[in-house]
Every structure is written in C-alpha cells, then in structure tokens.
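Note sheet for the following structure.
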Amino acid sequence: MRIEVMIYIYGAICLSMILFNVVYSLLLRGSKPRLDRRSRKLEGMVQLQLERLRRGEHVEEGHQIRMQRKLRHLKNLMAFDQTLRPLVQEEKDSAIHSYLVELQPTILYLALVYIRRENMQAAYFSYFLSRYMLKRHMPIQTLQDVMLDYARKDNLYCRVNALQALYNFGSPQHICTALQMQTQSSVFLHEKILTEGLLSYTGDHSQLIALLWERLDTFPPHTQLAILNYIRFQTGDYTAQMLELMTNQRADKELRLAAIRYFGKYHYQPALDYLLYFSSQTDPTRWEYATVSVTALACYRGERVVIALKQALHSANWYVRYAAAASLEAQQMDYKQLLDIVSGSDRYAREMMTYRLESRRMQKAGG
Amino acid sequence: MDTIDAFKLFFDYVGAFFILYMIGYASFLFLAVAVGSSTLYQLKRRSGLKNELPQEYYVPVTIVVPAYNEEITIAATIRSLLCLDYKIYEIVIVDDGSTDHTVQVLLDTFHMKQVPRPLHRMVPCKPERAIYEASGFKVPISLICKKNGGKADALNMGINASRYPYFVCMDADSVLQHDSLEKIVRPVLEEGNVVAVGGAVRPCNGTEIENGRVVAYHLPNRLLPCMQVLEYDRSFLAARILFDKFNGSIIISGAFGLFKKSVVVDAGGYDTTTMGEDMELVVKLHVFCREHGIPYRIRYATDAICWTQAPESLRDLRKQRRRWHIGLFQSMSRHRRILANPKYGLVGFISYLYFLIYELFSPYIEIFGVITVILAFFLDLINIPFMIMFFFIYVLYSAILSLTAFFARIHTIDLKLSLSDVAKAIGLCALEVSCLRFIMAWVRATALIGYRANRQSWGKSQRKKIHFD
Chain A
6 MRIEVMIYIY
16 GAICLSMILF
26 NVVYSLLLRG
36 SKPRLDRRSR
46 KLEGMVQLQL
56 ERLRRGEHVE
66 EGHQIRMQRK
76 LRHLKNLMAF
86 DQTLRPLVQE
96 EKDSAIHSYL
106 VELQPTILYL
116 ALVYIRRENM
126 QAAYFSYFLS
136 RYMLKRHMPI
146 QTLQDVMLDY
156 ARKDNLYCRV
166 NALQALYNFG
176 SPQHICTALQ
186 MQTQSSVFLH
196 EKILTEGLLS
206 YTGDHSQLIA
216 LLWERLDTFP
226 PHTQLAILNY
236 IRFQTGDYTA
246 QMLELMTNQR
256 ADKELRLAAI
266 RYFGKYHYQP
276 ALDYLLYFSS
286 QTDPTRWEYA
296 TVSVTALACY
306 RGERVVIALK
316 QALHSANWYV
326 RYAAAASLEA
336 QQMDYKQLLD
346 IVSGSDRYAR
356 EMMTYRLESR
366 RMQKAGG
Chain B
5 MDTIDAFKLF
15 FDYVGAFFIL
25 YMIGYASFLF
35 LAVAVGSSTL
45 YQLKRRSGLK
55 NELPQEYYVP
65 VTIVVPAYNE
75 EITIAATIRS
85 LLCLDYKIYE
95 IVIVDDGSTD
105 HTVQVLLDTF
115 HMKQVPRPLH
125 RMVPCKPERA
135 IYEASGFKVP
145 ISLICKKNGG
155 KADALNMGIN
165 ASRYPYFVCM
175 DADSVLQHDS
185 LEKIVRPVLE
195 EGNVVAVGGA
205 VRPCNGTEIE
215 NGRVVAYHLP
225 NRLLPCMQVL
235 EYDRSFLAAR
245 ILFDKFNGSI
255 IISGAFGLFK
265 KSVVVDAGGY
275 DTTTMGEDME
285 LVVKLHVFCR
295 EHGIPYRIRY
305 ATDAICWTQA
315 PESLRDLRKQ
325 RRRWHIGLFQ
335 SMSRHRRILA
345 NPKYGLVGFI
355 SYLYFLIYEL
365 FSPYIEIFGV
375 ITVILAFFLD
385 LINIPFMIMF
395 FFIYVLYSAI
405 LSLTAFFARI
415 HTIDLKLSLS
425 DVAKAIGLCA
435 LEVSCLRFIM
445 AWVRATALIG
455 YRANRQSWGK
465 SQRKKIHFD
C-alpha cells in the first residue's frame, strides 16, 4: 500500500473521530432538555390516570395501549422512570401504587419486548422493574417467570438487576431458581453481591431461608458461602444446622469457617467445645480454623474460654495472636487479669495484648 | 561506491526503518485513541442505562499514603481521604524519615497518639521508629514513622501495617475523587480473579476541588501543565484502556492503584531497588500469576479518578520523566525474559514489545532521526518541502488524536469546558506534539546517565499548597 493512501485513510478516520466528538457534544447538550420534555409529556398522561384512580375509576385501556407503544422506545422508558421517581418517592398518594398495579399488563408486555433487546437495554429494563415493581402485593407469576429469563442473560448487570427485581417482588421459589441458574453460567457473581441482594429481599426471610437451606447442596460452594453469610446476618435460628456443618469434616473449608463465624454472632453453648478445640489447633495448615474460632470465642464467657484465648496468644501465627488479643479485650479483661501475658516472657503475646489494652485505654481517655 | 552513495544507501535504510516505525506508532496511537474513546462513550451509556452495580457493596480497603517531606500537602490529602464516599476503609500514612515537619503536621492536625502496635512483617522493609493512631474520625488513621528507605520501602511498610485484604497506593500530593474508591473496587466485584486495578490519574492544576468533588474545571494557566493534560489523555488514558482489553496492562500508576494484598505479598511486595516500583510490581504480578498458574486479571478503571499535581516547571518535569524512564528501564531489564515469550501471552508479545520500542527506545530512535535529518540537510540529500509537509502531517495527526482523547474524556465525565479552554486545548496540542515531545525525548534519552547513584530517590518536585477542601 502506498504510504500516501495510508496517511489519507488515517487522516480521514481521525477527522471523523473529531467530528463524532463535536456531534456527540452537541447531542449531549440537548439530551437532558429532550428527556425533560418527554418526561413532562408522560407526566401529563400519568396525571390524568391518577385523577381517574382517585375518583375510584380504573386506568383507561387506551392509556395502556399508548404506554405499550411509547415505552417500547428506550428514551421514553427513561423519561417514564424520571416521571415516576418523584411520584413514588413522595408516597403520599396511594393512587400511584394503584396505577403501577393496573399497569402490570403493560409491564409484562414490555418485559417480553426488552428481553429481546441488547443486554444493556435489557439490564435497564430489569433495573426499572426493580425500582417500581416494589410492592409485595404486585407479584404476577408470568412476570416472575420472564424475570428468570433476564437473570439468565449473559450479562452481569442484567443478572444483578433482574435478581434485584426478584428480591423486590419475587417468590422464594423464583429467587432460589434464579440463584441456581447463576451457577450454570460463566458470568461471575461475587458472593458479596449475592449476600447483600438476599438481605434486601422484601418478603418473608424465614421462608426464603428455609427453602435455600433445603436446597443448599444444589449450589456450588461459592453460592453456598453467600447463602450462609446471608443466614448469619438474618437469623439465629439455625444453630443446630450450623453446628452440624461446622463439625462435618467432609464439608468445604470456607463453609465450615462460615459456620464457625455464625457462632461468633449467635451464642450457642453446644458449639463451645468445638470452638475451643478449633482454637487450640497448632497445625500451620489449619490456622484459619484457629483464627476464626478464636474470634468467635469473644462472645463466650468462662474460665475455659479465657485459658484457650490466652493459649492462642502464644500461637506462632500472627493472625491467631491478633484475634486472641481482640477477643480477650472484648471480654473486658484488664491488666491485672492479664498480668501473666503482659509481664510474661513471650514478647509477641505481650506486644499484641499490650497494644489492645492501650488502645482501649486511649479510646476511653479520648471519650 | 563513493561516500555520497554510501550515505544515500544509509538514508534509504534509515528511511525504510522510520516508515515502519512511524506506521507502527501511528497505528498503535490510532487504535488506542479509537478504542479508548469508544470505551469511554460506552461506559457513559452504560452508566446512563444503570448498567452498574449498586453502591452498597463494600470490599474493605486500606489506603497506603507514603510520604517524604510532604508538610505542605499532607494534611489536605488526608482530609480529602476522609471525605470519600465509602464505608469500610482505613488510612495508613507511612512517613519515610521525612526531614521536614510532615510528622508534626499530622500529629497536630489529627491529634494522633503513639501506640505500641505490633506489625505483621509480610514483606521486607526498614524498621519503624514509632506508630501513631488517631481515633474519632470517620475511619481509623495510622501513621507509621520509619527509617528512610525510599518509596517502595514505605509502601511495603504500608502493606505490613494494613488490616484489610485490599490496599490502595497513592501519592501524598494527590487527591482521590469522592467516588474513586467505590469505582476502583468495582472490577473486583465484577470479576472473580482481579489482583490489581489501576485508577485514572489526572492533573489537577487549574481544577477546583471541594470535598473530593470537582466544582470547577479549567485547563491550567501555565503552558507546561496544560500540555501535560493533553499528553495524559492521549498517551496514558487511551493506551491503558487498550491494554486493559487483553489483560495487558503493565503499568499501574503509583499515584492510584488497588492491589490484592495476598497476591502482592506472595509475589514479594514492592522492589526497593528500583525507581519504577509501580511498574515493576505490575510486571512482577503478571510473571508471578502466570508462572504459578493463577488465573488473574489486571484491570484499569477509567472512572476511578485521582487528581495529582503535574509539574509546573521544566526542571520538575525533567526530574519526573527521568525517574519514570529509569524505572521503565529497570523494570523491563529485570523482567526481560517475558519478551515474546509465549508463556506470558499477549503481555510479552504486545505490551512488553510496545513499551520496549515506543517507550524505552523511542527517545533514542527519535533523536537519531533528528540527527539523521540534520545530516541529510547538510549533505543536501533531503527534500525539504516534503520533510516540512511530512512534519506538519505528523503534527496534525497527533494533535487530532490528542484532542479526540481529551474531548472524549471531558464529555464522558460531565465536565464543562469554557470556550477559552477549548481554544487553549486546540492551540496547545500542536505545540505539545511538535515541541514538548522532543524536549522530553532528549530528557529521557539522557536519563540513564548516572542513574545508579540515586537508586532510592523520591524524586521530589516543588510542592504547592493544595486547596482541596
């Protein structure tokens, strides 16, 4: 290829890029006013229907058809989002909730439209649903089934938004199915996202937890961990089950550690012996069990616990010593009770404990 | 063959070499800016369509702030860190034996008290002299005073003092935007195997920032920092986005980067014998993960923004670029085995090769080119009108790419430019590619002379008081 031709081609593309910049800049300037205009138009239409609902009438069929046609366009859906936001936030008008309930056929129609769109638009639609289909009294089976299809899409944001929508209006069965679907995909969902999402569930947590626990073995360890963390944050009713998991030597290490953490949050006397056993582990490959159980012992009292924690302070592992000092400090022990440590010959144990006690003293002095 | 014929032959070869060199560079630059700009616009659209994770997910992060003689800026920097929109983080300041009042400023400003805190020595560093902590603030603040050992050594101390599984390194004269921590953590939540994330570093000269938020954006009044703004967008922003596409980033700026602590510790931490500890660490992470069969990703978060002071004098700029070039040389020579080695994938074939030719060797190649042109001129073997035309094409081409990257960045983060700033950008982009670039080529070409004497230098620039809050 002649060099000149290459220069011309590159030059032409460069110029088109700068032209794109200029056009984009102009469009960007106008996009907000355009969205506001669309939103105002839609607001007028919505307000008419709200008036009807306040008079005890229903949303007009023509309105449903008009909305179905309009909201097929992404920009209109965004404008509708902008219209609804203040109305829903104010919450002083129950008509808006009746309006959203009556709009369900339209929403269902749109769900079937947007599922066929590119991932970004589909993700936006599931975001829209998670935002406005927020009432427990609104679930409709078909919409939940469609949301499962959204949760299956090969796009992280679409999945997260679809799951969020299901947490807002889905049944425990649908949420469980959606979580199971996540394991069959290549899209990674961080356990924090799963745990926080489950915690945001607006329905009966005990029902959801019962179902998740029943099907726990069908999930991979990564999801199981997220579920266990969710249970830990939500309820203390699973002590017996967690004890079984904690003592199950065939169970995944991370799951057993999660079970130990559970007993750090919920005091359960039958778990104490096991916690003491784990805390005394000196095998370097099992330092995580020792660290987590020493941390859990912070909420247990008694001489055996104090002896175990003091022993853990002499561990060769830094994390175990750190956790032991923190747990002893959490037991409100003072210098006198810890004299054997703070004046002992083990420098590492002494330093760790002294730091904890001094930090507490400074915090108290500082108010 | 007479002498003139020999010269002609020589110039023919040089010409052929430069054509290939320039085609390679122009293609890379073009690709980088095109991919970079389109990625920025794509991100903007994505954010508009709420294709993002909600804000309530927090990964605990330690912010390590290494400081050496930072009495002017350190208090403002730490105050700005306290304004971050993030819940679970701690601030660890490591004073590397400052000879000014850095420590006293911190003790007075944040009412810090000395504590007998034991440290977990995971990576080697010089011993600490004293440890202070402050309580009563939004997040815990620790100050570790240690013997002078260089920036890498201070960062290693920060790793040892950190309590959380991820740490952010930053410069003591920089400011993180209010949402930067949330944005830099986002890739960790999006992908399971992220070991490091680079943030976007932007010159703050001329920008007004309040509580980590940009309240007024202007291009700097002085020429030099203004040209650097354009250079940052074209060379750093665009190229890093491109490398990110194939997990090929081999630089995360020391001014703002997030790392998974366990992997950094396993890889040995920062190398205290190099001036480019930031680049060295990233290359080392590539090598470590690939050699140990660890699936990994090194990401670049374009929307995680750190504002930093660009040098305002040529002297400071020269010092900065000299330090960068020495660091580049050290990192590349230390890990030379990855060059074109299939074991290291595209990192060895594209990233390393690009940095070798267009970063490490480029100043020598460019100066050689200028000398050849002068020689040809004296031998009357050059077509002067063509040369001038070619030079103008080069300037125009580079200037347009600079502007494209610059405007793409401005548009996609909702900054507003005044007309005078637009005019300034258009005027200075030509000056930057036609003058500053060659001055910097000379600086970089001479950087390696006597570099061993200053191995652990902090390479300080003149600091100005920052008004961030």
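Same order as they appear, the protein sequences are chains A and B.
According to the working numbering, the first sequence holds residues 6 to 372 in order.
According to the working numbering, the second sequence holds residues 5 to 473 in order.
Where a beta carbon is used, it is the ideal one built from N, C-alpha and C, also for glycine.
Cross-strand partners of residue i (DSSP beta bridge)
i	result
A71 of chain B	B:D99
C149 of chain B	B:D99, B:A134
I302 of chain B	B:A200
Q118 of chain B	B:Y136
W311 of chain B	B:V179, B:R206
L262 of chain B	B:V172, B:V201
T359 of chain A	DSSP lists no partner for T359 of chain A.
T66 of chain B	B:E94, B:F171
R341 of chain B	None, per the DSSP bridge assignment.
Alpha-carbon spacing of residue i relative to residue j, whole angstroms
i	j	result
V377 of chain B	F390 of chain B	12 Å
D99 of chain B	C149 of chain B	5 Å
A256 of chain A	A335 of chain A	30 Å
F114 of chain B	A138 of chain B	6 Å
R352 of chain A	Y45 of chain B	57 Å
K270 of chain A	Y235 of chain A	13 Å
A80 of chain B	P229 of chain B	21 Å
R121 of chain B	A370 of chain A	18 Å
V189 of chain B	N166 of chain A	19 Å
L260 of chain A	L223 of chain B	54 Å
D237 of chain B	S406 of chain B	7 Å
L79 of chain A	L113 of chain A	16 Å
R441 of chain B	Y29 of chain B	14 Å
L432 of chain B	D177 of chain B	26 Å
L302 of chain A	D278 of chain A	11 Å
V218 of chain B	Q181 of chain B	8 Å
Y304 of chain B	L383 of chain B	49 Å
Environment of residue i [buried if 16+ CB atoms lie within 10 Å]
i	result
L33 of chain B	buried
V201 of chain B	buried
L362 of chain A	buried
R341 of chain B	exposed
K323 of chain B	buried
H296 of chain B	exposed
R42 of chain A	exposed
Y155 of chain A	buried
Nearest candidate by alpha-carbon position, reference residue i, set the options
i	options	result
L203 of chain A	A:Y353, A:Q274, A:S176, A:H68	A:S176
I330 of chain B	B:A451, B:V18, B:Y170, B:F411	B:A451
Y273 of chain A	A:L260, A:S285, A:M251	A:M251
L47 of chain B	B:S438, B:V426, B:H415, B:I430	B:H415
T136 of chain B	B:N152, B:M126, B:D112, B:H124	Checking the sequence shown, residue 136 of chain B turns out to be Tyr, not Thr. That would be B:D112, whose Cα lies nearest to the Cα of Y136 of chain B.
G61 of chain A	A:V93, A:L89, A:Q189, A:I101	A:I101
I339 of chain B	B:I361, B:V69, B:L289, B:H124	For the sequence presented, residue 339 of chain B should be read as His rather than Ile. The shortest Cα separation from H339 of chain B among B:I361, B:V69, B:L289, B:H124 belongs to B:L289.
P128 of chain B	B:V143, B:S102, B:D157, B:M116	B:D157
F133 of chain A	A:T88, A:I346, A:D159	A:T88
S317 of chain B	B:T306, B:K264, B:R226	B:R226
A71 of chain B	B:K151, B:T7, B:V447, B:V37	B:K151
I254 of chain B	B:L360, B:Y93, B:R327	B:L360
K258 of chain A	A:V28, A:Q229, A:Q246, A:I14	A:Q229
S42 of chain B	B:R413, B:S355, B:C293, B:V286	B:R413
G213 of chain A	A:M247, A:F174, A:I265, A:R59	Before going further, note that residue 213 of chain A is Leu rather than Gly in the sequence given. The shortest Cα separation from L213 of chain A among A:M247, A:F174, A:I265, A:R59 belongs to A:F174.
D287 of chain A	A:Y162, A:E107, A:Y305, A:A313	Reading off the sequence, residue 287 of chain A comes out as Thr, not Asp. Checked all of A:Y162, A:E107, A:Y305, A:A313; the closest Cα to T287 of chain A is A:A313.
- What residues from the stretch 399-410 of chain B come within 8 Å of chain A, judged by C-beta to C-beta, listed N to C? L400, Y401, I404, L405, L407, T408
- Query: Of the residues that make up the stretch 52-75 of chain B, which ones have a beta carbon closer than 9 Å to any beta carbon in chain A?
  - Reply: G52, L53, K54, N55, E56, L57, P58, E60, Y61, Y62, V63
- Proximal residues, the stretch 415-429 of chain B versus chain A, C-beta separation under 8 Å: H415
- Message: Beta carbons nearer than 7 Å to chain A: which residues of the stretch 282-314 of chain B have them?
- Response: none
- Message: For the stretch 10-21 of chain A, list every residue whose C-beta sits within 9 Å of some C-beta in chain B, in sequence order.
- Response: M11, I12, Y15, G16, I18, C19, L20
- Message: Under 7 Å, CB to CB, which of the residues in the stretch 98-125 of chain B have a partner in chain A?
- Response: K117, V119, P120, R121, P122, H124
- Message: Closer than 8 Å between beta carbons: that is the criterion. Which residues of the stretch 189-216 of chain A meet it against chain B?
- Response: F193, H195, K197, I198, E201
- Message: Using a Cβ-Cβ cutoff of 7 Å, what residues of the stretch 193-221 of chain B are near chain A? List them in chain order.
- Response: L193, E194, E195, G196
- Using a Cβ-Cβ cut-off of less than 9 Å, list which residues of the stretch 159-192 of chain A approach chain B; keep chain order. N160, L161, Y162, C163, V165, N166, Q169
- Which residues, in order along the stretch 353-371 of chain A, keep a beta-carbon less than 8 Å from a beta-carbon of chain B? Y353, E356, M357, T359, Y360, E363, S364, M367, Q368, G371
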